[in-house]
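In UniProt numbering, the protein residues as written are 1 to 309. Beneath this line is the structure, given in structure tokens, with notes to follow.
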């Protein structure tokens with residue numbers, strides 16, 4: 001007991017001992033944190049490279065039997081006849097993403113502006129958690145609601161006998177990406193300094209002028225990030241799209257015609273092919289295209305953040 005009291009007394013008399021011990025402890029913690037951080041980054045990078053290598057290595061084998069032009073630009077997809085034109089799925093993906101963009105972005109921006117600037121606090125506190133919950137709903141639930149409610153509604157309104165098609169898929173994807181784009185845009189608008197608002201009002205701006213000429217330009221980086229993340233989810237979505245798009249390897253004649261996209265074609269056909277077949281290699285190349293698109297979108301987001309757009 002006397003020894004403990006003596007040691008404590010020595011530490012109190014010499015605070016340098018406490019400082020040195022604390023420094024050594026923090027030094028070890030910092031180095032351990034850096035080590036595990038570096039290890040995590042290297043591990044994730046290795047996993048990503050292995051995924052790219054495996055999918056790319058398998059997919060590129062399709063070009064032993066199919067030319068680049070035929071694969072990317074041909075619209076003739078008949079694997080049983082050795083025709084592997086993925087152009088129909090690439091165009092279908094672009095069409096679906098574009099239509100989803102045109103529907104989702106304006107609605108999301110209006111909702112974000114309303115939540116951040118117009119809605120009373122009680123309504124804002126109600127809407128934001130609901131949007132957060134909607135983000136976590138499994139995609140198959142959206143697909144089930146689409147096939148049981150939306151498709152029959154489109155069938156009844158348009159007088160068509162099918163209902164599945166580009167419009168149904170775009171509406172389902174819009175509902176899925178709305179929470180993501182809205183919440184990120186809402187946060188970006190709310191993060192704009194109050195000084196911008198006060199300065200705008202001091203110059204005689206109306207509320208709408210302040211929102212559209214001051215707040216939205218100031219929050220542009222966050223809004224663009226939200227839009228890109230939303231479109232990345234739309235491009236990579238599978239189950240919900242499979243359930244409502246019709247899954248036919250043809251270009252749609254109109255918005256109500258069934259068609260197919262890269263993700264839906266992969267999931268519909270991957271179980272029907274042999275691993276070492278050209279058909280399988282073609283599906284792997286489609287998956288590789290989707291992976292590259294996702295990486296490009298992530299790269300764009302990073303560049304926008306660096307430039308501060």
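We treat Cβ as the ideally placed atom computed from N, Cα and C, and that holds for glycine.
Coil, strand or helix - residue i by DSSP
| i | result |
| --- | --- |
| residue 78 | strand |
| residue 284 | helix |
| residue 275 | coil |
| residue 69 | helix |
| residue 119 | coil |
| residue 129 | helix |
| residue 159 | coil |
| residue 315 | Any answer about residue 315 is impossible in this case: the structure gives the chain only from 1 up to 309. |
| residue 45 | helix |
| residue 165 | coil |
Nearest-angstrom Cα separation, counted from residue j out to residue i
| i | j | result |
| --- | --- | --- |
| residue 28 | residue 226 | 39 Å |
| residue 264 | residue 171 | 16 Å |
| residue 81 | residue 65 | 13 Å |
| residue 147 | residue 95 | 20 Å |
| residue 104 | residue 169 | 12 Å |
| residue 192 | residue 134 | 25 Å |
| residue 158 | residue 256 | 8 Å |
| residue 31 | residue 38 | 10 Å |
| residue 271 | residue 93 | 21 Å |
| residue 304 | residue 298 | 10 Å |
| residue 244 | residue 136 | 20 Å |
| residue 176 | residue 25 | 48 Å |
| residue 206 | residue 199 | 12 Å |
| residue 113 | residue 120 | 12 Å |
| residue 52 | residue 292 | 9 Å |
| residue 211 | residue 241 | 35 Å |
| residue 194 | residue 208 | 16 Å |
| residue 128 | residue 215 | 19 Å |
| residue 221 | residue 46 | 30 Å |
| residue 273 | residue 279 | 7 Å |
| residue 83 | residue 126 | 53 Å |
| residue 36 | residue 44 | 12 Å |
| residue 54 | residue 277 | 16 Å |
| residue 197 | residue 115 | 16 Å |
| residue 266 | residue 283 | 6 Å |
Contact under 9 Å by Cβ, residue i with residue j
| i | j | result |
| --- | --- | --- |
| residue 166 | residue 99 | yes |
| residue 164 | residue 258 | yes |
| residue 262 | residue 290 | yes |
| residue 91 | residue 185 | no |
| residue 88 | residue 250 | yes |
| residue 285 | residue 71 | yes |
| residue 154 | residue 239 | no |
| residue 219 | residue 188 | yes |
| residue 59 | residue 287 | yes |
| residue 107 | residue 180 | no |
| residue 182 | residue 131 | yes |
| residue 178 | residue 230 | yes |
| residue 234 | residue 101 | yes |
| residue 62 | residue 275 | no |
CB contact below 9 Å: residue i versus chain C
| i | result |
| --- | --- |
| residue 53 | The question asks about chain C, but that chain is absent: this structure has only one protein chain. |
Paired residues, beta bridge with residue i - DSSP
| i | result |
| --- | --- |
| residue 84 | 77 |
List, from N- to C-terminal side, the alpha helix (DSSP H) runs of 4 residues or more that fit wholly inside the stretch 192 to 273.
If we require 4 residues or more, the alpha helix (DSSP H) runs fully inside the stretch 192 to 273 come out as 194 to 202, 207 to 210, 220 to 236, 239 to 244, 262 to 269.
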